[in-house]
Amino acid sequence: MCDEFPELYFPDENGDFAWDKPGWGDSFEEPEEELKEEFSGASNYFSSLADAKAYALAHPGTTLVRNPQGEGFVVKGTVASEKVVYRQKQDAHKRSENERAGRPRNAGLSWYDRDLAILLRLHSQRLDIKEIALQLERSPLSISAKLLNLELLSEQEHQSNMTLYSQPRF
1 MCDEFPELYF PDENGDFAWD KPGWGDSFEE PEEELKEEFS GASNYFSSLA DAKAYALAHP
61 GTTLVRNPQG EGFVVKGTVA SEKVVYRQKQ DAHKRSENER AGRPRNAGLS WYDRDLAILL
121 RLHSQRLDIK EIALQLERSP LSISAKLLNL ELLSEQEHQS NMTLYSQPRF
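Numbering follows UniProt numbering, with no gaps: position 170 of the sequence shown is 170.
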């Protein structure tokens with residue numbers, strides 16, 4: 001195996017790969033509860049490629065990655081890389097800065113897959129941009145900009161939102 005391909009992908013029982021499924025992305029998230037139970041009962045660390053392949057073949061749909069904290073392989077999502085841990089610390093620092101400055105808690109932070117899923121659901125429910133902003137703890141302008149970026153809002157609607165939500169507060 002070479003460094004250009006640090007992850008092992010095996011199709012699930014339907015022949016689908018991980019990237020064919022909803023939620024595929026590069027952000028670290030805690031494994032779902034059912035996966036946590038499975039990982040707690042079984043080892044999620046494999047010292048050799050052969051052990052990793054055997055586990056992946058016995059657990060269709062599992063994605064294994066090089067262990068970001070050392071040698072061997074682990075089930076993706078069970079061990080945070082140093083980069084992910086650093087980003088989580090930076091996000092926590094930014095959130096506390098935002099709270100001290102009176103800004104929305106998630107202002108200026110990257111959009112995670114989970115945030116996008118909530119945005120799409122709330123937008124499809126025709127909620128007001130201000131209500132969506134409150135739920136996602138972001139500014140109405142950032143919600144409008146993200147919806148424009150996702151092509152769910154026209155340029156004209158976005159301009160209207162900019163005018164509406166850029167008004168000075170007295």
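Note that the Cβ used here is the ideal one computed from N, Cα and C, for glycine as well.
Please read all numbers here as calculations on a predicted model, not as lab measurements.
1. Alpha carbon to alpha carbon, how far is Gly72 from Tyr165? Give it in angstroms, no decimals.
2. Leaving aside the five residues before and after Lys146 along the sequence, list all residues of the same chain whose C-beta is less than 7 Å from its C-beta, in chain order.
3. Work out the CA separation of Val85 and Arg138 for me, nearest whole Å.
4. For a test of your reading of the model: does the CB of Leu119 fall under 6 Å from any non-hydrogen atom of the ligand COA? Yes or no.
5. Within the same chain, show all residues whose beta-carbon is closer than 7 Å to that of Ile132, passing over the 5 residues directly before and after it, in chain order.
6. Helix or strand or just coil, what does DSSP make of Tyr86?
7. Could you tell me the boundaries of the beta strand (DSSP E) in which Arg66 lies?
8. Under 8 Å by Cβ, that's how I've got Leu109 and Lys94 pegged, so tell me the actual separation to the nearest angstrom.
9. Taking the DSSP output, what are the residues bridged to Tyr45?
10. Beta-carbon within less than 6 Å of His158's beta-carbon, same chain only, minus the 5 sequence neighbours each way: which residues are those?
Working from what's here:
1. 51 Å
2. Trp111, Leu119
3. 23 Å
4. With respect to the ligand COA, the structure shown offers nothing to examine, as it has no ligands at all.
5. Leu119, Leu122, His123, Ile143
6. helix
7. 63-66
8. 6 Å
9. Val74
10. Ser144, Leu148
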